[in-house]
Every structure is written in C-alpha cells, then in structure tokens.
Amino acid sequence: MTIPQPIAWTPDGGVRILDQTLLPDTERYLDLDTVDAVAEAIRTLRVRGAPLIGIAAAMGVTLSLREGPPSLGAVCAASKVLGATRPTAVNLHWALERMERRAAASTPARLAADLRDEASAIWDEDRAMCARIGEAGAALIGGDALVLTHCNAGALATGGIGTALAPVYTLHSAGRRVAVVADETRPLLQGSRLTAWELSRAGVPVTVIADGMAASRLRRGDVTCVIVGADRIAANGDVANKIGTYGVALAARAHGVPFYVAAPTSTIDPATPDGSRIPIEERAASEVAGWRGHPAAPAEAAVWNPAFDVTPAELVTAIITDRGVFAPQDVAREV
Ligand code: MRU
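Going by numbering that gives the first Met the number 0, the letters in the sequence shown line up with residues 0 to 334, in that order.
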C-alpha cells in the first residue's frame, strides 16, 4: 500500500512539504527554510489538515534558531507568527504550546536539539495515534464497508495514515473489501483532489461525488457509515470540521447511517465548552468566486466563505480516537 508522506526534514534541518495546492496534477515538494515560509505554507493550504499543521508548525519553530541567537524569545515570536495562520484547528496551538514549554525548560546550548526532538516527538506521536484510530475504527466497522467521507482526513492531513481514512486503510490492509465515496469538498476540493488521489495510489476504490450529491447517496442505502475528521472537538462533543460536514451529518441522521468522527486526542479542546465558542476561519472570497483564476461567479456577487462548520454532538454517533471509541459527550474526559 502506497501512503504519501506530506512532510519531512531536509538533510540540513529545513522543512520539506508536499505542496498540496498543486495536487492531483503536480507532485512537487518545497523546502522551507524560514518561519515565515512555513507560515505562508500553512496559510495558503500548501500544508493542511489539523494534525499536519500542528506538526508543520512545530517543525517551523525550529527554524527560528537560524534567524538569530537561540533564545526563548525567538521561539515565542516564531510561535506567535505560526499560531496566527489558521484559527480553527486546535492541534496547531496544542503543538506550539508544547514547543514553547520545551523551550522554556531548555538552555541556549541545548535549545536546537531539544526543539528538534520535541517536533519529531509530536510527529511520531501523531503517526502512532493514527494507527490506533485505524485499529479502533476497523474494529467498530467490523468488515467490508462503503465509507462516505468529506474533505481530506487521510495521510495528507496527518503524520501517519490519517484519521477518517485510517480505518479504511487498516481494513484494506487486512484484506477487507472497503471502498470510499469522497465528497469533492468545495471550495478547495480537498475531497476530489486529495482524498481521491491518496486512496487511488493506495489501491482503495473511490467514487467522487459533488457535495450536493451526498444526501442522495446516503438515501440509496449502500453507505455503511460516514467517517470525517475534526479540527476541534469542544468539551460537550460538538465538532468543527470542513464546511459541509454539518449537512452530511444531518443527511446521515435522516437516513439512519452512522456518523463517526475520527480524531486524535490532540484535537480535543476541553477549554472550549461548546461549538459556538470555536473560532471559525473565514477565507478569501476568491476561493468561492473562482477556481485557479477562472471565474465561477459574477464579480458583483457577494461571497460568504467560512472554512469550517460545527456539527452538534447529538448528530455524532461516536468519536473514534487513539484511546478508543467514545460517545461525543464523554470524549473530553480523555484528555
Ligand atoms: O482547510 P483544511 O484542508 O485544512 O481542512 C481540513 C479538514 O477539515 C480536515 O477534515 C480536518 O483537519 C481533519 S484532518 C485529519
């Protein structure tokens, strides 16, 4: 099974990323040498997905030491720049707080080695959490399955085999017949460009549908379950994920299809009481009004472009985590 690796260290300690804005037609890797370059890559979604932006930001913090004498102040300044890139995914802030804590406990002489060690640990832990989500999700599904997903919560969004796609890969590796229906995920097409790309490379059958087709597909009765990722899970189990997820959850409930959220414990935010308190990123109008420079709406039309929505806990059948499967209202007790 071929699973893409969207991030790596360069031989000289820089950050190498797969530029996800160019997929599926072009597979190009970028070497990033500055904190600002990593921040730009996160902001523009060259590197994306809640766990992966946490890993990228942690690795990006290490680059601050190239820009001046090693100090806690330099680390905190880099953390501030990286933390301001995207507001919704809590993994970003969770990873940066870990880097700051590690820097505070270090010395100028050891700082570079300690920061690299911490960033690598965040990445390694995410890889292991993805594997455990895969096992827990595969056991929950139990056998052959047709899984509908929204956005990309696969290898391209994490340091391992993904979150929503982890049970799919685990079942596929175990020889089960598993296939995926991927919502295309307007406006930036993470479903059709990224999810379909990585599943195809891994040999998992995938059918791409436009977002507006999901309800009809769920009514057909052949979808075993929906599995989506998450950018932040509030203390009461409300889930922020890519815009459009809420509509899929409503349709799944209407048609009696289980709606699962798969996420590592780093995505759970007990400090946010409910979904109404999750900051929702609003992105440029041009993302909705056009595609790669081609207009998709008249210039006069107003545009609303929230990047995420909140699915209330009552629509979530269960949350699949690296520590097992939980009712949404119980999951915050795990962190
Ligand atoms: O804007 P994106 O592409 O970063 O949004 C990604 C998602 O919404 C994912 O579903 C989420 O981050 C979970 S990734 C394991």
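The C-beta atom is built at its ideal place from N, Cα and C for all residues, glycine as well.
Check whether the Cβ atoms of Arg216 and Val260 lie closer than 8 Å to each other. no
Taking the DSSP output, what are the residues bridged to Glu124? Glu124 pairs with nothing; no bridge assigned.
Can you tell which of Gly142, Ser199 and Thr194 has the C-alpha that lies nearest to the C-alpha of Ala173? Gly142
Should the region 236–244 be called in touch with the region 306–314, which here means at least 3 C-beta pairs below 8 Å? yes
Once the 5 residues before and after Leu139 are set aside, which same chain residues still bring their CB inside 6 Å of it? Within the same chain, Val324 come within 6 Å of Leu139 by CB-CB distance, once the 5 residues on both sides are set aside.
The ligand MRU and Ala229: does the residue's C-beta get closer than 7 Å to at least one heavy atom of that ligand? The ligand MRU has a heavy atom closer than 7 Å to the beta-carbon of Ala229.
Let me know the secondary structure DSSP gives Leu31 once reduced to three states. strand
So within the region 262–325, which uninterrupted beta strand (DSSP E) runs reach at least 3 residues, ignoring any that extend past its ends? The qualifying runs are 307–310, 317–320 and 323–325.
May I ask which residues mark the beginning and end of the beta strand (DSSP E) holding Cys75? Note, Cys75: premise wrong, no beta strand (DSSP E); alpha helix (DSSP H) at Leu71 to Gly82.
Starting from the Cα of Ala156, find the closest Cα among Arg200, Ala55, Asp329 and Pro23 and give me that residue. Ala55
Are the CB atoms of Gly72 and Val34 nearer to each other than 8 Å? no
Is the beta carbon of Asn90 sitting closer than 8 Å to the one on Ser265? yes
Thr106 classed as buried or exposed, judged by whether at least 16 other C-beta atoms fall within 10 angstroms: exposed
Collapsed DSSP secondary structure at Arg175 in the structure displayed: coil
Helix, strand or coil, according to DSSP, for Val146 in the structure here? Val146 falls in the strand class under three-state DSSP.
Give the range of the beta strand (DSSP E) segment to which Val225 is assigned. Cys224 to Val227
Burial state of Thr9, where buried means 16 or more other Cβ atoms lie within 10 Å: exposed
CB-CB under 6 Å to Pro327, same chain, minus the five flanking residues each way: which ones, in chain order? Gly236, Ala312, Val315 and Ile318
Among Glu124, Thr87 and Leu64, whose alpha-carbon lies nearest the alpha-carbon of Ala108? Leu64
Buried or exposed: Gly67, going by 16 or more other Cβ atoms within 10 Å of its Cβ? Exposed.
Would the beta-carbon of Leu170 fall within 8 Å of that of Gly153? no
Can you determine whether any heavy atom of the ligand MRU sits closer than 7 Å to the C-beta of Ala88, and answer yes or no? Checking every heavy atom of the ligand MRU against the Cβ of Ala88, one is found closer than 7 Å.
Determine whether the Cβ of Ala102 lies closer than 8 Å to any Cβ atom of chain D. In summary, chain D is missing from the structure at hand, where a single protein chain is found.
Taking 7 Å as the cut-off, does the CB of Thr61 come closer than this to any heavy atom belonging to the ligand MRU? No, since every heavy atom of the ligand MRU falls outside the 7 Å radius drawn around the Cβ of Thr61.
Take Glu183 as the anchor and find which of Gly202, Asp210, Arg176 and Val205 has the nearest alpha-carbon. Asp210
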